[in-house]
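These notes concern the structure reproduced below.
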Amino acid sequence: MVKYQFPDNFWWGSAASGPQTEGKFEGDGKGQNVMDYWYDIEPEKFFNNVGPDNASRFYQTYKEDIQLMKETGHNSYRHSIQWSRLIPNGVGEVNQAAVDYYNDLINEMIANGIEPFMNLYHFDMPMPFQEKGGWLNRETVEAYVVYAQTCFELFGDRVKKWFTHNEPIVPVEAGYLYQFHYPNEINLKHAIQVGYHEMLASAMAVKVYHELKLDGQIGIILNLTPSYPRDENNPEDVKASIIADAMFNRSFLDPSVKGTFPTELVDIVKELDMMPEIKEGDLEIIQHNTIDLLGINYYQPRRVKAKETPINHEHGPMPEDYFDNYEMPGRKMNPHRGWEIYEKGIYDILTNVRENYGNIPCFISENGMGVEGEEKFRNAEGIIEDDYRIEFVSEHLKYVHQAIEEGTNCLGYHMWTCMDNWSWTNAYKNRYGFISVNLDKNWERSIKNSGRWFKQVSDNNGF
Ligand code: BG6
Numbered sequence: 001m002v003k004y005q006f007p008d009n010f011w012w013g014s015a016a017s018g019p020q021t022e023g024k025f026e027g028d029g030k031g032q033n034v035m036d037y038w039y040d041i042e043p044e045k046f047f048n049n050v051g052p053d054n055a056s057r058f059y060q061t062y063k064e065d066i067q068l069m070k071e072t073g074h075n076s077y078r079h080s081i082q083w084s085r086l087i088p089n090g091v092g093e094v095n096q097a098a099v100d101y102y103n104d105l106i107n108e109m110i111a112n113g114i115e116p117f118m119n120l121y122h123f124d125m126p127m128p129f130q131e132k133g134g135w136l137n138r139e140t141v142e143a144y145v146v147y148a149q150t151c152f153e154l155f156g157d158r159v160k161k162w163f164t165h166n167e168p169i170v171p172v173e174a175g176y177l178y179q180f181h182y183p184n185e186i187n188l189k190h191a192i193q194v195g196y197h198e199m200l201a202s203a204m205a206v207k208v209y210h211e212l213k214l215d216g217q218i219g220i221i222l223n224l225t226p227s228y229p230r231d232e233n234n235p236e237d238v239k240a241s242i243i244a245d246a247m248f249n250r251s252f253l254d255p256s257v258k259g260t261f262p263t264e265l266v267d268i269v270k271e272l273d274m275m276p277e278i279k280e281g282d283l284e285i286i287q288h289n290t291i292d293l294l295g296i297n298y299y300q301p302r303r304v305k306a307k308e309t310p311i312n313h314e315h316g317p318m319p320e321d322y323f324d325n326y327e328m329p330g331r332k333m334n335p336h337r338g339w340e341i342y343e344k345g346i347y348d349i350l351t352n353v354r355e356n357y358g359n360i361p362c363f364i365s366e367n368g369m370g371v372e373g374e375e376k377f378r379n380a381e382g383i384i385e386d387d388y389r390i391e392f393v394s395e396h397l398k399y400v401h402q403a404i405e406e407g408t409n410c411l412g413y414h415m416w417t418c419m420d421n422w423s424w425t426n427a428y429k430n431r432y433g434f435i436s437v438n439l440d441k442n443w444e445r446s447i448k449n450s451g452r453w454f455k456q457v458s459d460n461n462g463f
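Numbering (this note's numbering), first residue to last: 1 to 463.
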């Protein structure tokens, strides 16, 4: 019996990115991006020294992989176009091999009843632009918009769901605050400029897309971390959570959906004398070119308390000058990834979007559980018994269902990810897929228990 019935035409599927799945090899014409470069110079930064050239070979096996998507109940799937594959130098000549590949990939998905959702940017800055500062440099914004238009013109007759960025806060945090990604700086002023340029680029791409009148929707994918105060009755804790929310969620959510930046954040940035370079007309572009569809990635909440520890001045101002992170006793953790599991967070985000963001059409664009050493769960028939993942997804889906019942305009659920893939500095450490990829057996794919379960969920449009 189906207890949690979802609306008709609900999108069931998963998400991945080009750089994490395709691999790079001789003769594909792809240009170098920042991850390829970083791996060349510092391979030891990547788990087990495994780099992006060892991504899960989707470029060669997409036809078979699409069949596996069907077998796991996908009616939609998000991939990302690699800027440096399509336009190897970032601007200028288009790589015909890439055009053929993306055309074939899109056509194959559609022929198999899987709607293609295409994202334009997933942390993969073409190296010629990274050398000039990447998102710090206004030239990157201009080049990105040309790239976006090229994609819309080439593939927009068939792709009806476009996304300007995946998690634009990640290049900000990872590259310019917390040193997870190249260029590994700690520089709040740069972080702010990078975030601003990403938002501007997004609005400019939305503008171009709408002007082309292609009969589809364009959105952005944001990773939202609902901010909870240690003590809801302590005004200082509540204030800390409001600031953390402005910094880590509303910084991208407000301009994307409302066309404005949160005043709490602007006040802080002004006070620090760290306003980004804004050209005349930019703010109008952001104001008038908001998205049609919001993708929400949810993994974990953020728990904060009023600042109690001394401010560390070593690297200049940092977001943590305004709050302390709070490790709530008894919280449920994913021991593999070190992230808290708090299922109700997904409901709180969806409710917030309904109440404060005009109930914009949205969907869960990523949610998932990374697990180390999944091979040990492989049974005698060769199937990985990832029942913890079924529990993780179903517990989140119950809250998605509740939010929909209460009126949230949530149109789908995509898990991260379809098949185990390479993930930035973590490489193959944490496995997330419905489908396992056996690195010891020539990247052999096999559907996990969760993939079988998801097929039933999709077939029943509920569980
Ligand atoms: C998401 C990203 O934030 O998290 C993905 O969009 C990433 O690109 C995923 O792979 C999981 O991250 P990790 O580091 O646990 O593999």
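Beta carbons: idealized from backbone N, C-alpha and C, even for Gly. Since this is a predicted model, take the numbers as computed values, not measurements.
Asked                                                                                                        : Found
Per-residue burial, Glu405 [other beta carbons within 10 Å of its own, 16 or more giving buried]             : exposed
For Tyr147 and Val2, the rounded distance between their alpha carbons                                        : 45 angstroms
Sequence-distant residues of its chain with Cβ nearer than 7 angstroms to Val465 (five each side left out)   : Absent from the model: residue 465. The displayed extent of the chain is 1 to 463, so no value can be given.
Integer Cβ distance of Ile286 from Leu200, believed to fall under 8 angstroms                                : 6 angstroms
Ranges of the beta strand (DSSP E) found wholly within the segment 204-279, counting only runs of at least 3 : 217-223 and 227-229
Closer than 7 angstroms: Trp424 CB and nearest the ligand BG6 heavy atom                                     : yes
8 angstroms Cβ cutoff met for Ser84 and Asn33                                                                : yes
Three or more C-beta pairs below 8 angstroms linking the segment 415-428 and the segment 15-22               : yes
Classification of Ile419 by the beta-carbon crowding that lies within 10 angstroms, buried from 16 upward    : In the sequence on display, residue 419 carries Met and not Ile. Buried, because 16 or more other Cβ atoms sit within 10 Å of the Cβ of Met419.
Proximal residues to Ile110 (C-beta, below 8 angstroms), its chain only, five neighbours per side dropped    : Pro116 and Arg158
Endpoints, the alpha helix (DSSP H) within which Leu413 is located                                           : Sequence check: residue 413 is Tyr here, not Leu. That residue, Tyr413, is in no alpha helix (DSSP H); its beta strand (DSSP E) goes Cys410 to Trp416.
Three-state class that DSSP yields for Arg331 in the structure shown                                         : coil
8 angstroms Cβ cutoff met for Ile221 and Phe163                                                              : yes
Proximity test, Gln20 beta-carbon vs the ligand BG6 heavy atom, cut-off 7 angstroms                          : yes
Selected residue, minimal CA-CA separation from Gly451, among Gln67, Gln20, Leu154 and Tyr101                : Gln67
Nearest-angstrom Cβ-Cβ length linking Lys493 and Phe47, presumed shorter than 8 angstroms                    : A query on residue 493 cannot be resolved here, the shown segment of the chain reaching from 1 to 463 and no further.
Trp83 CB to nearest heavy atom of the ligand BG6 below 7 angstroms                                           : no
Same chain, Cβ closer than 7 angstroms to Trp443, neighbours up to 5 away in sequence not counted            : Ser56, Arg57 and Val437
Same chain, Cβ closer than 6 angstroms to His197, five either side skipped, listed in chain order            : Trp135 and Val141
Proximity below 8 angstroms, CB of Asn449 to CB of Glu385                                                    : yes
Ser17: CB within 7 angstroms of a non-hydrogen atom of the ligand BG6                                        : yes
Whole-angstrom distance between Phe123 and Phe323, CA atom to CA atom                                        : 27 angstroms
Paired residues, beta bridge with Arg378 - DSSP                                                              : Ile384
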